[in-house]
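Student: Counted from 1, the sequence shown has number 195 at position 76 by the numbering used here; the numbering is strictly sequential. We treat Cβ as the ideally placed atom computed from N, Cα and C, and that holds for glycine. Handing you a structure now.
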Amino acid sequence: MNFLEEYEKLKKSHPKAFTHSFFWKNENCDYGNYLYGCKNMYYSFDCPACEDCLYCYNCIKCKNCVDSTFCYECQYCYECLDVDRSYNSSHLNYCSSCYDCHWCYDCVNCHDCFGCISLEHKQYCILNHQYSKERYSKRLEEIKKDPNFLKKYEKLKKSHSKKPTHNNPACENCDYCDYVYDGKDCYFCFDSPGCEECLHSFNSRLCKNSVDLNECFMCEYCYECNDSTRCYNSKYLDYCGRCYDCEYCYDCTNCHDCFGCVRLSNKSYCILNKQYPKEEYLEKVVEIKKVLVLIS
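Below, the structure written as structure tokens:
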């Protein structure tokens, strides 16, 4: 039996964790999964560093948000999708740095806008019409009672061309990416806010110098990792947290220099869950890698 077969056999011999939240950093998050460094989360998933949120998915650094998806550093938002750094708003799609806005699409640096499309640096607008502050408040009460508002809003959306990408203005050299907020020097990355020098990554956040990541958080110099957080210089990790110099590991926590290990915590110099002296570990890893290269 070769190494990969033994590794798969070892994975099947261990029961899977009922959640993959790294619980030592979570507080009152029993009804969620894939939560890292969160507090008071309810029925929320894949949300690192969030607080007091309900029914949220793939949000990061959000607070007091409900029913929101793919949001980044938002607060007091409801029913928002792909929104970053917005406050006290609802029903926003693809908006950035907006506050006190509702039913807006593709707006940037706006406040006190209602039912607006593709506006930048605007305030006191309704359905893209400019109003004075006083007139805006009066017109807002009227439009909220208009039974045809949503039809007018959808008609306005269809009259505007869609952008090819939805990166925010803070992105730098991320031309072949989408939904990458505050990204820098990334290529073919999607829904990956705050990443730098990453390639082929999806749904990963605040990662650096990494390739082929999926659902990772604050990983650096990693390759082919899935649902892992705060890992460094590692490859082929699944559901691992705070590991470094590890390869082919599954559901390991606070480990370093482990190879082909499953469900270990606070361990080092292990191969297929067996402990070795440092020197012997390094020799065996070299031998295994030589065989893997031959197989590939």
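Based on the DSSP secondary-structure assignment, which residues constitute the bridge partners of E239?
Tutor: Per DSSP, V227.
Student: For V185, which residues does DSSP report across the bridge?
Tutor: DSSP, once it has assigned bridges, lists L173, Y197 as partnering V185.
Student: Just the Cα atoms here: how many angstroms apart are K397 and N385?
Tutor: Spanning the two alpha carbons is a distance of roughly 15 Å.
Student: Please identify the residue among Y358, V410, F378 whose C-alpha is closest to the C-alpha of L401.
Tutor: Among Y358, V410, F378, the Cα nearest to that of L401 is on F378.
Student: Given this structure, state the Cα-to-Cα distance separating G234 from E253, to the nearest angstrom.
Tutor: Distance between the alpha carbons of G234 and E253 is about 18 Å.
Student: Taking 8 Å as the cut-off, decide whether the C-beta atoms of H230 and Y218 are in contact.
Tutor: Contact: yes.
Student: If we ignore side chains and look at the alpha-carbon of each, how far apart do L154 and S237 end up?
Tutor: So the two alpha carbons sit approximately 33 Å from each other.
Student: Quick one: what does DSSP say S215 is sitting in, helix, strand or coil?
Tutor: In this structure, S215 counts as strand in the three-state DSSP scheme.
Student: Take the Cβ of L269 as the centre, count every other Cβ of all protein chains shown within 10 Å, and call the residue buried at 16 or more, exposed below.
Tutor: Label assigned to L269: exposed.
Student: Could you tell me the boundaries of the alpha helix (DSSP H) in which F122 lies?
Tutor: It spans 122–132 - the alpha helix (DSSP H) in which F122 sits, taken as one unbroken run.
Student: Using 10 angstroms around the beta-carbon of K241, count the other beta-carbons present and answer buried if the total reaches 16, otherwise exposed.
Tutor: Result: buried.
Student: May I ask you to report which of helix, strand or coil DSSP gives V404?
Tutor: Helix.
Student: Is it buried or exposed, S323, if we count other Cβ atoms within 10 angstroms and call 16 or more buried?
Tutor: Result: buried.
Student: Looking only at DSSP bridge pairs, what is H221 linked to?
Tutor: H221 pairs with S209, F233.
Student: Taking the CB atoms as reference points, tell me whether S216 and N207 lie closer together than 8 Å.
Tutor: It is not a contact, given that the beta carbons lie outside the stated cut-off.
Student: Between which two residues does the alpha helix (DSSP H) containing K274 stretch?
Tutor: K274 -> alpha helix (DSSP H) spans 268–277.
Student: Taking DSSP's pairing of strands, which residues face E366 in a bridge?
Tutor: Beta-bridge pairing links E366 to K354, F378.
Student: Which of the three DSSP states, helix, strand or coil, is assigned to L411?
Tutor: The answer is helix: DSSP assigns L411 an H, G or I state.
Student: For F142 and C374, what's the separation of their Cα atoms in angstroms?
Tutor: Note on F142: pLDDT 49, under 50, position unreliable in the model; no value is reported.
Student: What number of angstroms, rounded off, separates the C-alpha of Y126 from the C-alpha of L391?
Tutor: The straight-line gap from Cα to Cα measures roughly 7 Å.
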